[in-house]
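Below is one structure, written out as structure tokens, with a few remarks after it.
Residue numbers (our numbering): 1135 to 1257.
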């Protein structure tokens, strides 16, 4: 196998995205970083590079262990990467986020004080 593979092809081959077109769009949209820098789709990937892909609002951070130019099975794809992604927040963490429905109007003085207290702006 060659020493370099296109970034979009590699992201697709290790199953970080479903389609090659989605991988190319992610690169164009600035959702992919290679070694901390914004990356273009045709940028070459080498073994040892860090690839950061933003998928559905969360970052996937992987280290390239093996170069793949064609899509492979999930077990083989798992061997080609070292996953260093931070853990996703649990459902309990999401439930603790304050929620105010749209169209509920302006908050009352009491609600505003509670909002300020939650945001750490209490006097």
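Even glycine gets a Cβ: it sits at the ideal position worked out from N, Cα and C.
- The Cβ atoms of residue 1215 and residue 1197 sit closer than 8 Å to each other.
- Using a C-beta cut-off of 8 Å, the segment 1163-1176 makes no contact with the segment 1202-1214, since fewer than three inter-stretch Cβ pairs fall below that distance.
- Looking at the DSSP output, residue 1167 shares a beta bridge with 1172, 1186.
- About 17 Å separates the beta carbon of residue 1187 from that of residue 1180, a gap too long to meet the 8 Å contact definition.
- Ranked by Cα distance from residue 1223, the options 1152, 1165, 1244, 1192 are led by 1192.
- Between residue 1201 and residue 1139, the CB-CB gap stays under 8 Å.
- The Cβ neighbour count for residue 1158, taken over all protein chains shown within 10 Å, is at least 16; the residue is labelled buried.
- Distance between residue 1162 and residue 1242, taken at the CA atoms: about 44 Å.
- Residues 1146 of the same chain have their beta carbon placed closer than 6 Å to that of residue 1154, with the five preceding and five following residues left out of the count.
- In terms of CA proximity to residue 1233, 1253 leads the group 1253, 1156, 1203, 1178.
- A distance of 8 Å or more separates the beta carbons of residue 1148 and residue 1203.
- Setting aside the 5 residues that flank it on each side, residue 1219 is surrounded in the same chain by 1192, 1193, 1194, 1195, 1196, each with a C-beta closer than 8 Å to its C-beta; the list follows chain order.
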